[in-house]
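Input: a single structure, listed below in structure tokens.
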Amino acid sequence: MRRMTIPAALVAIGVVLASCGSSVPAGALTSLGDGEGALNLIIWDGYAERGAVDKAYDWVTGFEKDTGCKVNATPMTDSANGVQLLKSGQYDGGSFSGDATIRLMAAGDVAPVNTDLIPNYKDVFEGLKLKGFNSKDGVPYGVPHGRGPNLLMWNTTVVTTAPTSWDPIWEGGSSYKGKLSIYDSSIFIADAALHLMQKQPDLGITNPYQLTDKQFNAAIALLQQQKANGAVYWGLLTDQVQTFESGDTVIGTTWPYQVNLLKGEDPPAPVEAVLPNEGSTGWSDTWMIAKNAKHPNCMYRWMNHIISPQANAQATVWFGEAAVTQKACDAAEAILPGHCAAQHASDEAYWDKIWYWTTPQASCADNDDATTCKDQDAWVEAWSTLRGT
Amino acid sequence: MTESPGVRLLLRIGTWVVLGFLYLPLLILAIYAFNPSRALAWPPPGLTLHWFGDAAANPAVRAAFLNSIIAGASATAVALVLGTLAALAVQRFSFFGRDTISFVLVLPIALPGVVTGIALQTTFKTMGLTFGLPTIIVGHATFCVVIAYNNIVARLRRLPRTPEEASADLGADTLLTFRRITMPAMRTALLSGALLSFALSFDEIIVTLFTAGAGTQTIPIWIFTSIQRPTELPVVNVVALVLLLLSVIPVYLAQRIGGETAAVTR
Amino acid sequence: MTAPGLAGDMQQRPVDSRARRLARWLYTRPRAQLALLLAAPVLWVGVVYIGSLVVLLLNAFWEKDAFTGNVTPFAWTLKAFVDIFTKPVYATVALRTVGIAIAVTLADALLAFPIAYYMARIASPRARGALLVAVLMPLWAAYLVKAFAWRTILQGNGFLSWVLTPFGIPGPGLTQLFNAWLVLSYLWLPYMILPIYSGLERIPSSLLEASSDLGAKAGTTFRRVVLPLVFPALVAGSIFTFSLSLGDYIVPDLVADAKFIGNVIYDNSSLGNLPVAAAYSLFPIAIMLVYLVIARRLGAFESL
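Residue numbers (our numbering), protein chains in the order written: chain A, 5 to 393; chain B, 211 to 476; chain C, 710 to 1013.
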């Protein structure tokens, strides 16, 4: 080894020490050890497939063989449920949407992520790094899984002209009395607010998640009208799949996964879906690790695995959402050509028009102290009242 | 009172109607077990044995079945011990609070399962326990105690004290009398209490959902999660049908034992 | 009832073993016997069960942050109770649930009686055995599977629709409250049949013969003799049908898309509002405590 002069050596040591100190966030795992043999995840249904539905879509068994981490995946019905599951302390992490992630980060239920331990992180699209929903104070808190918009789905044999706007489930709902399929979660109030942004602009709604009393009440009134038209609420996505199959519902709000499942049946169910021209709410999901995860090494390995090209390609084609790395997009071309283009995976301008799920806050999530908005509790309570009466 | 022939006929018809009502969904369930299509339209497009093979090969089913058996057996054992102790205390002694005991023991069954489940889950979480088979067993034992207790108390009530007194007169101490006289007499009550406890534990879903945690599945939990997945639904029907057919054995046993007891009292 | 071997044992001199010494010590101390007997059950039910209930109910009085969802222990507040007593939805749900629970109990009592009577007093012993097995078997089919089977029967392209369509009657679909009543009555029916059967079986024939000897017609005998005697058993059965319907949340959601007391409790706990879930739990607890006290007065506990 060449002899270094002492000042150069000191500089070298200083640089090493400085970079060691700054790149690992406080509370994150510092080094990757061996897998613990198990991994308990909270997922959106369809995010951790092991070939049970379609043998070609399996990104779990390979992971289990490679790492020895046996995966137990529990699906959540909505974000509030996911938050509660994580707080139970029985899980190592999960794939959370924006309305869950900011709550979990604020409550300290999740730990920041040491991206040095996740080699595939560097490939993630820049538009998904260090966003408000997956980072805090410039520190990353997770790896993205995928993002997508909520869609309008209909039964083509009953709804003969393809709709292009959300009207059929709101004002036009009386044409499908008793057969509207609506997501059973308080977050759906935002969809009502979104519709009002177009129909009642004088309400002045600028953000469908942060609503003043007047705006909120208008949204609730719209939802009550929808309920009077006979809405059937789905909490589990298989509920919706079954009601469309049985003809108990013919039009409603959905995720691309249900469309894929229905079209993938033998014979395919007669459904179609569209992103209506008013735009839509949507989600951008992030895998986060619980603060006191019992199996952190397995969780880090999973986070690296799920953004690896093959896994992310399969997962996003399967669910019907946008992939998160260019390499995954390239891998997806072999599974479903045109997948990333159709899902606008790298088109950030497209995502500016999609309102990702986020938490309603009393502060309206802005810097204006003058306005107050309805908070998460008010949303959940209003939804329970709507459903219970 | 001899019932008139008209009344007898009406009662016979009524019995058949009720039996039909009880078995209609089970028949439909059985037919769906052979349904080749995953969708649940009626009538099904055909018949197939395909799902039976799937069910047999499914490792989750086997694991869940094993967990259910272990949980059921353990909970029943605990329930029998606690139930016997409580029954002996209530039946053989009079003390302040005697009536309260039977009242309190029935609470875990009489109060809604969701309340019991959430209460246990919150407590276990506060204590920092890891959820799994032990927490399931604790939950199940708690509401199985009353079943064992009721059966044993009913039996003890009908048991004459004379053999025990005779045994004491012959010089046997309390424990020997219990072991040699009382226990054998209670045997049928213990068996029927055990069978009923096991049945209750085997089929319990609500409290189990709250106390099982992430990685443990009993058969009802497996059914619950599989019903939510369109692909595993046909396998659920198969598993349910097989369990139903297997259950003829314990039901027949329980009825024979119960019949013996009834014969003794008649 | 024999105790073989006891005489044989007694021919030897009894060994003064530890067990025997303990038995002798206990013999003169009935209170100690009682304490030993009661210790384990009371500790279990008292500590494990009642203790858990207390922990849950304490949460009803604690504060919860709307944003983070964290419950702060010992931060006392009555907010949860104010919520459930002032917002009308909680009363609506409670009334709906109690109404259905009563309707289910009545339906089950009506359905159970004919078959229980037939089994107890008319059927031959062999037929009785077969009927008992027939009634018990459905209890062994998993609750969830039975509920789901009903969902497939009631749904748009299910069995019921298939039967009714030729007559032009539309199927019920999956949003009728009627469905919940129907399915709950189905599920708990065996729990009503068995106690009524036991109760009817216990009535000595001599009583009924005496009644007809005194000139009473069948209807009068039934009303004046049978019903009062079987009433405690009816109440015992109703404890199951009422409490199981009161707390159920899976069936209302699965077949009727409705919200019952159990749903409100479950939703609040799974969505992170434990204080409201705990506060609302007091409601079915209170109802069942009252019900149990009345049932005990009516003698139901001996007929369980």
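Every residue, glycine too, gets a C-beta built ideally from N, C-alpha and C.
In this text the structure is predicted, and so the values were computed from the model without any measurement.
Under 8 angstroms between C-beta atoms, does residue i make it to chain B?
i, result
"Arg729(C)", "yes"
"Val757(C)", "yes"
"Ser99(A)", "no"
"Asn264(A)", "no"
"Asn76(A)", "yes"
"Thr71(A)", "no"
"Gly946(C)", "no"
"Arg1005(C)", "yes"
"Ala42(A)", "yes"
"Leu108(A)", "no"
"Asn888(C)", "no"
"Arg733(C)", "yes"
Quick check on residue i - is its C-beta less than 8 angstroms from some C-beta in chain C?
i, result
"Val87(A)", "yes"
"Val384(A)", "yes"
"Thr471(B)", "At Thr471(B), the pLDDT of 45 sits below 50, so the modelled position is not reliable and the matter cannot be decided from this model."
"Asp252(A)", "yes"
Take the Cβ of residue i as the centre, count every other Cβ of all protein chains shown within 10 Å, and call the residue buried at 16 or more, exposed below.
i, result
"Ser947(C)", "buried"
"Met5(A)", "Note that Met5(A) has pLDDT 46, beneath the 50 cutoff, so the model's placement of it is unreliable and the number below is only indicative. Its Cβ having fewer than 16 others within 10 Å, Met5(A) is exposed."
"Pro984(C)", "buried"
"Gly256(B)", "exposed"
"Val844(C)", "buried"
"Leu848(C)", "buried"
"Lys218(A)", "exposed"
"Gln378(A)", "Note on identity: in this sequence residue 378(A) is Lys, with Gln being the wrong assignment. Buried, since its Cβ has 16 or more Cβ neighbours within 10 Å."
"Val337(B)", "Note that residue 337(B) is Met in the sequence shown here, rather than Val. Exposed, since its Cβ has fewer than 16 Cβ neighbours within 10 Å."
"Thr332(B)", "buried"
"Leu463(B)", "exposed"
Using the beta-carbon of each residue, which ones in chain C are nearer than 7 angstroms to residue i?
i, result
"Ile84(A)", "Rather than Ile, the amino acid found at residue 84(A) in this sequence is Ala. Chain C residues near Ala84(A): Leu980, Gly981."
What residue from the options has the CA that sits closest to residue i's CA?
i, options, result
"Cys73(A)", "Ala273(A), Ser99(A), Pro300(A)", "Pro300(A)"
"Phe770(C)", "Asn866(C), Val791(C), Ala825(C), Ala995(C)", "Val791(C)"
"Arg509(B)", "Ala376(B), Thr428(B), Val324(B), Ala464(B)", "Residue coverage of chain B in this structure runs from 211 to 476, which leaves residue 509(B) outside it and unanswerable."
"Leu184(A)", "Pro280(A), Leu241(A), Gln204(A), Trp158(A)", "Trp158(A)"
"Ala277(A)", "Thr160(A), Ala317(A), His348(A)", "Thr160(A)"
"Ser978(C)", "Asp356(A), Leu36(A), Val384(A), Thr285(A)", "Val384(A)"
"Phe262(B)", "Ala378(B), Phe388(B), Asn245(B)", "Asn245(B)"
"Ser1012(C)", "Tyr900(C), Asn982(C), Ala749(C)", "Tyr900(C)"
"Leu279(A)", "Ser350(A), Thr257(A), Ala332(A)", "Thr257(A)"
"Ile172(B)", "Val449(B), Ala409(B), Leu330(B), Phe420(B)", "Since the first and last residues shown for chain B are 211 and 476, residue 172(B) lies out of range."
"Gly234(A)", "Asp252(A), Leu240(A), Phe192(A)", "Asp252(A)"
"Phe220(A)", "Leu241(A), Asp195(A), Ala232(A)", "Asp195(A)"
"Ser457(B)", "Arg932(C), Val842(C), Ala945(C)", "Val842(C)"
Which residues in chain C sit within 8 angstroms of residue i, going by Cβ to Cβ distance?
i, result
"Ile280(B)", "Within chain C, no residue comes near Ile280(B); the closest Cβ sits about 18 angstroms away, beyond 8 angstroms."
"Glu213(B)", "Arg830, Ile831, Ala927"
Can you list the residues of chain A that residue i reaches, using a CB-CB cut of under 8 angstroms?
i, result
"Asp966(C)", "Val236, Tyr237"
"Gly263(B)", "Going along chain A, no residue has its Cβ under 8 angstroms from Gly263(B), so there is no contact; the nearest lies around 15 angstroms."
"Phe341(B)", "Gln94"
"Ala424(B)", "Asn44, Asn76, Thr78, Gln94, Tyr95"
Residue i and residue j look like a contact to me (Cβ under 8 angstroms); what is the Cβ gap, rounded to whole Å?
i, j, result
"Phe137(A)", "Tyr360(A)", "7 angstroms"
"Gly39(A)", "Thr71(A)", "5 angstroms"
"Ile362(B)", "Gly293(B)", "6 angstroms"
"Leu853(C)", "Pro430(B)", "6 angstroms"
"Ala326(A)", "Ala349(A)", "4 angstroms"
"Ala728(C)", "Leu385(B)", "6 angstroms"
"Thr345(B)", "Thr421(B)", "4 angstroms"
State yes or no: is the beta carbon of residue i nearer than 8 angstroms to at least one beta carbon in chain A?
i, result
"Gln465(B)", "no"
"Thr806(C)", "no"
"Phe275(B)", "no"
"Phe434(B)", "no"
"Thr874(C)", "no"
Could you work out which residues of chain A lie near residue i, taking near to mean beta carbons separated by less than 7 angstroms?
i, result
"Thr441(B)", "Ala56, Val57"
"Ala266(B)", "Residues of chain A passing the Cβ test: none, with the nearest at roughly 16 angstroms."
Taking residue i as the query, report the chain F residues whose CB atoms sit under 8 angstroms from its CB, ordered along the chain.
i, result
"Val452(B)", "Absence of chain F from the displayed structure is noted, the protein chains being A, B and C."
Check the Cβ of residue i against every Cβ in chain B and list those closer than 7 angstroms, keeping chain order.
i, result
"Thr258(A)", "By Cβ distance, chain B contributes nothing, its closest Cβ being about 15 angstroms from Thr258(A), past 7 angstroms."
"Gly93(A)", "Lys335"
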